[in-house]
Amino acid sequence: MKYRDEYRDPASARRLSAEIARTATRPWTLMEVCGGQTHAILRHGIDRMLPEGVELIHGPGCPVCVTPLGCIDKAIEIAMEPGVIFCSFGDMLRVPGSSGDLAAARSRGADVRIVYSPLDAVALAEANPQREVVFLAVGFETTAPANAMAVRQAHRSGLGNFSLLVAQVLVPPAIESLLTSPGCRVQGFLAAGHVCTVMGLDAYEQLAQTYRVPIVVTGFEPVDILDGVLACVSELEQGSARVLNRYARVVRSEGNPAARAMVEGVFAVVPRYWRGMGLLPASGLGLAPAWQQYDAERRFGGVEAGPEPAGECISGLVLRGERRPDQCPAFGSRCTPEAPLGVTMVSGEGACAAYFRYREPQRAFG
Amino acid sequence: MCLAVPGRILEVEGDDPLSRSARVDFGGLVRRVNLAFVPEAGVGDHVLVHVGVALAVIDEDEASRIFTWLGELETVDPTDGSRP
Ligand code: SF4
Numbered sequence: 001m002k003y004r005d006e007y008r009d010p011a012s013a014r015r016l017s018a019e020i021a022r023t024a025t026r027p028w029t030l031m032e033v034c035g036g037q038t039h040a041i042l043r044h045g046i047d048r049m050l051p052e053g054v055e056l057i058h059g060p061g062c063p064v065c066v067t068p069l070g071c072i073d074k075a076i077e078i079a080m081e082p083g084v085i086f087c088s089f090g091d092m093l094r095v096p097g098s099s100g101d102l103a104a105a106r107s108r109g110a111d112v113r114i115v116y117s118p119l120d121a122v123a124l125a126e127a128n129p130q131r132e133v134v135f136l137a138v139g140f141e142t143t144a145p146a147n148a149m150a151v152r153q154a155h156r157s158g159l160g161n162f163s164l165l166v167a168q169v170l171v172p173p174a175i176e177s178l179l180t181s182p183g184c185r186v187q188g189f190l191a192a193g194h195v196c197t198v199m200g201l202d203a204y205e206q207l208a209q210t211y212r213v214p215i216v217v218t219g220f221e222p223v224d225i226l227d228g229v230l231a232c233v234s235e236l237e238q239g240s241a242r243v244l245n246r247y248a249r250v251v252r253s254e255g256n257p258a259a260r261a262m263v264e265g266v267f268a269v270v271p272r273y274w275r276g277m278g279l280l281p282a283s284g285l286g287l288a289p290a291w292q293q294y295d296a297e298r299r300f301g302g303v304e305a306g307p308e309p310a311g312e313c314i315s316g317l318v319l320r321g322e323r324r325p326d327q328c329p330a331f332g333s334r335c336t337p338e339a340p341l342g343v344t345m346v347s348g349e350g351a352c353a354a355y356f357r358y359r360e361p362q363r364a365f366g
Numbered sequence: 001m002c003l004a005v006p007g008r009i010l011e012v013e014g015d016d017p018l019s020r021s022a023r024v025d026f027g028g029l030v031r032r033v034n035l036a037f038v039p040e041a042g043v044g045d046h047v048l049v050h051v052g053v054a055l056a057v058i059d060e061d062e063a064s065r066i067f068t069w070l071g072e073l074e075t076v077d078p079t080d081g082s083r084p
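One line per chain: the protein sequences are A and B, in this order.
Following the working numbering, the numbering of the first sequence begins with 1 at its first residue and continues without gaps.
Following the working numbering, the numbering of the second sequence begins with 1 at its first residue and continues without gaps.
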């Protein structure tokens, strides 16, 4: 891929790191919202390239992690219904419900299939007219256009046997929830570029103005992230709180108008329950009234707001950036990817999994 | 799941607004990708793809801009690369 190697070039990364060190005159705490960025930071050691005092804390941006218990329970219940083909992205299969996960349901005989795209689930519905095909629609704004398109394609093909179990969430309300929580230490945000690719920058402009906090849209490669940190630190040093787009190679300030229009046509903004963060108003998407015949909750009953899992897992604090994974007493001992206690270790994009994968040597010595 | 990945369009098929699609090369792995949201995309363009759907055409000029800037930084200031 053109430019990919350049965005991983160590010399460019060092140059940016030096520039950050020159710019920062005092400590600053930034949060990267997206789990993909958390992984890149750990994998490339970007946190260790920052001058002392400039700290990156990890945010709630893993849709697998924030999908609530009740939704997983409902998914398992639907999957166990006779005649159902239950489709999901692969990384949802091991997310624990209140008893077991989708992988366990599959081993008990449920027809659970891993798909790469919701459009593959539509194709399955078309090929299996006598079966009910349900797709578990999780994800942030990035995933919403594909899910909306799946509904539109199913509708056009007259498929009466296709539905979505929707658990779509939105990033700006989660940022707002963090900013209004009493213990919030975050002074600037790195916003996930791929979310903005769809919805553009409007919601971030409002947040930046209301809370006087700089928000820098950036990408996922080391050079992107360091450049984002540099831009954010520069804003903070100048006492300025703008939204800056440092990912202009894919993000336009208006987002993608065609994708946005389809999302806004098929979905409506609804309150959503987030694992670790509780019920957040206007923080998710559900099917708009005109499209509710494609809502799996209509066909199979509604998701119940389940209780948070009890136990020693502190993934709620990890998701809110209040604890680092390696500050959890169970990390790496009683909790590992093979035997996870919480969703942030289960999910490939979760912060605990990232620390386990990339910080193991240090832990062995520490 | 969340990641979107760049790939290059090899071939475009159809012109239906909901199902226009392409064969896209992701560094050797070729997949079919829906192009409904990037009507401007054509053969040879790089697109950002998420769960089977292209969300943006990658702007090559923007992609190279930061390296031009970093190059200028180097000529102005030689004290690079020495920090941990
Ligand atoms: S390390 Fe395991 S137990 Fe601790 S917060 Fe992470 S997922 Fe939960």
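Ideal placement from N, C-alpha and C gives every residue a C-beta, glycine not left out.
Subject >> CA-to-CA distance, B/Pro6 to B/Gly27, given in whole angstroms >> reply: Here residue 27 of chain B refers to the residue found at position 27 of the second sequence. Here residue 6 of chain B refers to the residue found at position 6 of the second sequence. Looking at the two C-alpha atoms, the distance is approximately 9 Å.
Original post:
With 8 Å set as the bound, which would you pick, yes or no: does the beta-carbon of A/Thr25 sit closer than that to a beta-carbon of chain B?
Top reply: The residue you call residue 25 of chain A lines up with position 25 of the first sequence. So, not an interface residue.
Original post:
B/Leu55 to A/Gly228, Cα distance in whole Å?
Top reply: Counting from 1 along the second sequence, the entry for residue 55 of chain B is found at position 55. Counting from 1 along the first sequence, the entry for residue 228 of chain A is found at position 228. Answer to the nearest angstrom: the Cα atoms are 22 Å apart.
**OP:** List the residues of chain A whose Cβ lies closer than 8 Å to the Cβ of B/Asp59, in chain order.
**Re:** Against the second sequence, residue 59 of chain B aligns to sequence position 59. Those within 8 Å of B/Asp59 in chain A are Ala248, Arg249, Val250.
Original post:
So is A/Pro173 buried or exposed if we call it buried at 16+ other beta carbons inside 10 Å?
Top reply: Residue 173 of chain A sits at position 173 when you count from the first residue of the first sequence. Buried, by the Cβ-count rule.
Original post:
Mapping DSSP to helix, strand and coil, what is A/Pro271?
Top reply: Stepping through the first sequence from its first residue, residue 271 of chain A is reached at position 271. Three-state result, A/Pro271: strand.
Subject >> Straight-line Cα distance separating A/Met262 from A/Met149 >> reply: For the purposes of this step, residue 149 of chain A is taken as residue 149 along the first sequence, with counting starting at 1. For the purposes of this step, residue 262 of chain A is taken as residue 262 along the first sequence, with counting starting at 1. About 7 Å.
Original post:
Residues of chain A with CB under 9 Å from B/Ala22, in chain order?
Top reply: Residue mapping note: residue 22 of chain B aligns to position 22 of the second sequence, counting from 1. Per Cβ cutoff of 9 Å: no residues; B/Ala22 is ~13 Å from chain A at best.
Original post:
With respect to the beta strand (DSSP E) encompassing A/Pro172, which residues constitute its N-terminal and C-terminal limits?
Top reply: Here the question's residue 172 of chain A lines up with position 172 in the first sequence. Here A/Pro172 belongs to no beta strand (DSSP E); instead the alpha helix (DSSP H) covers 171–180.
Original post:
Going by beta carbon distance, what residues of the same chain come within less than 7 Å of A/Tyr211, once the five residues before and after it are set aside?
Top reply: Counted from its first residue, the first sequence places residue 211 of chain A at position 211. Excluding sequence neighbours, A/Tyr211 sits near Leu179.
**OP:** Closer than 7 Å, Cβ to Cβ, to anything on chain B: give me those residues from the segment 184–196 of chain A, in chain order.
**Re:** His194
Original post:
Is the CB of B/Glu11 under 8 Å away from at least one CB in chain A?
Top reply: Residue numbering aside, residue 11 of chain B sits at position 11 when the second sequence is read from its first letter. Chain A, which has no Cβ nearer than 8 Å to the Cβ of B/Glu11, makes this no.
Original post:
Nearest to A/Leu319 by CA position, among A/Cys34, A/Met92, A/Arg15, A/Gly139, is which residue?
Top reply: Locating residue 319 of chain A in the first sequence gives position 319, counting from the first residue. Among A/Cys34, A/Met92, A/Arg15, A/Gly139, the Cα nearest to that of A/Leu319 is on A/Cys34.
**OP:** Classify B/Trp69 as buried or exposed, calling it buried when 16 or more other Cβ atoms lie within 10 Å of its own Cβ.
**Re:** The count along the second sequence starts at 1 and reaches residue 69 of chain B at position 69. Counting Cβ neighbours within 10 Å, B/Trp69 comes out exposed, since fewer than 16 surround it.
Subject >> B/Gly42 at chain E interface by Cβ criterion, 8 Å >> reply: In summary, chain E is missing from the structure at hand, where the protein chains are A and B.
**OP:** Tell me whether A/Pro394 sits in a helix, a strand or coil according to DSSP, three-state version.
**Re:** Look at the range of chain A in this structure, 1 to 366, and you will see that residue 394 of chain A is not part of it.
Original post:
What separation, rounded to the nearest whole angstrom, lies between the Cα atoms of A/Val346 and A/Arg334?
Top reply: Against the first sequence, residue 346 of chain A aligns to sequence position 346. Against the first sequence, residue 334 of chain A aligns to sequence position 334. Straight-line Cα distance between these residues: approximately 13 Å.
Original post:
Who are the Cβ neighbours of A/Ser253 in its own chain at under 6 Å, not counting the five residues just before and after it?
Top reply: Working through the first sequence from its first residue, we reach residue 253 of chain A at position 253. Taken in chain order, the residues that qualify are Gly200, Leu201.
**OP:** List the residues that DSSP assigns as beta-bridge partners of A/His155.
**Re:** Walking along the first sequence from the start, residue 155 of chain A turns up at place 155. The partner list for A/His155 (beta bridge, DSSP) is empty, contrary to what the question assumes.
**OP:** May I ask which residues mark the beginning and end of the beta strand (DSSP E) holding A/Val343?
**Re:** Mapped onto the first sequence, residue 343 of chain A falls at position 343. A/Val343 -> not in any beta strand (DSSP E); alpha helix (DSSP H) instead, spanning 343–346.
**OP:** Report the rounded CA-to-CA distance for A/Ser234 versus B/Leu48, giving the unit in angstroms.
**Re:** Translated into positions along the first sequence, residue 234 of chain A becomes position 234. Translated into positions along the second sequence, residue 48 of chain B becomes position 48. One C-alpha to the other measures close to 29 Å.
**OP:** Please list the residues of the segment 124–142 of chain A that have a C-beta atom closer than 8 Å to any C-beta atom in chain B, keeping them in chain order.
**Re:** Val138, Gly139, Phe140, Thr142
Original post:
So does A/Ala354 have its beta carbon nearer than 7 Å to some heavy atom of the ligand SF4?
Top reply: By 1-based counting over the first sequence, the position of residue 354 of chain A is 354. Result no, Cβ not under 7 Å from the ligand SF4.
**OP:** Let me know the secondary structure DSSP gives B/Asp80 once reduced to three states.
**Re:** Residue mapping note: residue 80 of chain B aligns to position 80 of the second sequence, counting from 1. Note that B/Asp80 scores 46 on pLDDT, short of 50, meaning its location in the model is unreliable and no value can be drawn from it.
Subject >> Closer than 8 Å to chain B by CB, A/Glu19 >> reply: The residue you call residue 19 of chain A lines up with position 19 of the first sequence. Closer than 8 Å to some Cβ of chain B, the Cβ of A/Glu19 qualifies, so yes.
Subject >> Touching by the beta-carbon criterion (3+ pairs, under 8 Å), the segment 153–168 of chain A and the segment 277–291 of chain A >> reply: yes
Subject >> CB-CB length for B/Phe67 against A/Ser12, believed under 8 Å >> reply: As a first step, residue 67 of chain B is located in the second sequence; it is residue number 67 there, counting from the start. As a first step, residue 12 of chain A is located in the first sequence; it is residue number 12 there, counting from the start. Rounded, the Cβ-Cβ distance is 7 Å, consistent with contact.
Subject >> Nonlocal neighbours in the same chain, by C-beta distance under 7 Å from A/Ala103, ignoring five residues either side >> reply: Here residue 103 of chain A refers to the residue found at position 103 when the first sequence is read from its first residue. So the qualifying residues of the chain are Leu93, Arg94.
Original post:
A/Pro145: buried (16+ other C-beta within 10 angstroms of its C-beta) or exposed?
Top reply: As a first step, residue 145 of chain A must be located in the first sequence, where it is residue number 145. That one is buried.
Original post:
Among the residues of its own chain, which have a CB less than 8 Å from the CB of B/Gly42, if the five just before and after it don't count?
Top reply: Indexing the second sequence from 1 puts residue 42 of chain B at position 42. Once the five neighbours on either side are set aside, the close Cβ partners of B/Gly42 are Ile9, Val12.
Subject >> Contact list for the segment 5–19 of chain A against chain B, Cβ threshold 8 Å >> reply: Glu6, Ala11, Ser12, Arg14, Arg15, Leu16, Ser17, Ala18, Glu19
Original post:
Can you give the Cα-Cα distance for A/Met49 and A/Arg14, rounded to whole angstroms?
Top reply: The residue you call residue 49 of chain A lines up with position 49 of the first sequence. The residue you call residue 14 of chain A lines up with position 14 of the first sequence. Going by the C-alpha atoms only, they are around 8 Å apart.
Subject >> Closest residue to A/Ala105 among A/Asp120, A/Arg131, A/Asp73, A/Leu124 (Cα-Cα distance) >> reply: As a position in the first sequence, residue 105 of chain A is number 105, starting the count at 1. Ranking A/Asp120, A/Arg131, A/Asp73, A/Leu124 by Cα distance to A/Ala105 puts A/Asp73 first.
Original post:
Are A/Val195 and A/Ala259 closer than 8 Å when you measure CB to CB?
Top reply: In the first sequence, counting from the first residue as 1, residue 195 of chain A sits at position 195. In the first sequence, counting from the first residue as 1, residue 259 of chain A sits at position 259. In this structure, A/Ala259 does not lie closer than 8 Å to A/Val195 by Cβ.
Subject >> For A/Pro214 and A/Gly188, believed in contact at Cβ under 8 Å, the rounded distance >> reply: Along the first sequence, read from residue 1 onward, the residue named residue 188 of chain A stands at position 188. Along the first sequence, read from residue 1 onward, the residue named residue 214 of chain A stands at position 214. A/Gly188 to A/Pro214, Cβ: 5 Å. Contact.
Original post:
Which chain B residues sit within Cβ distance under 7 Å of A/Val223?
Top reply: On the first sequence, residue 223 of chain A is found 223 positions in, with the first residue counted as 1. Ordered by position in chain B, the residues that pass the 7 Å Cβ test against A/Val223 are Ile66.
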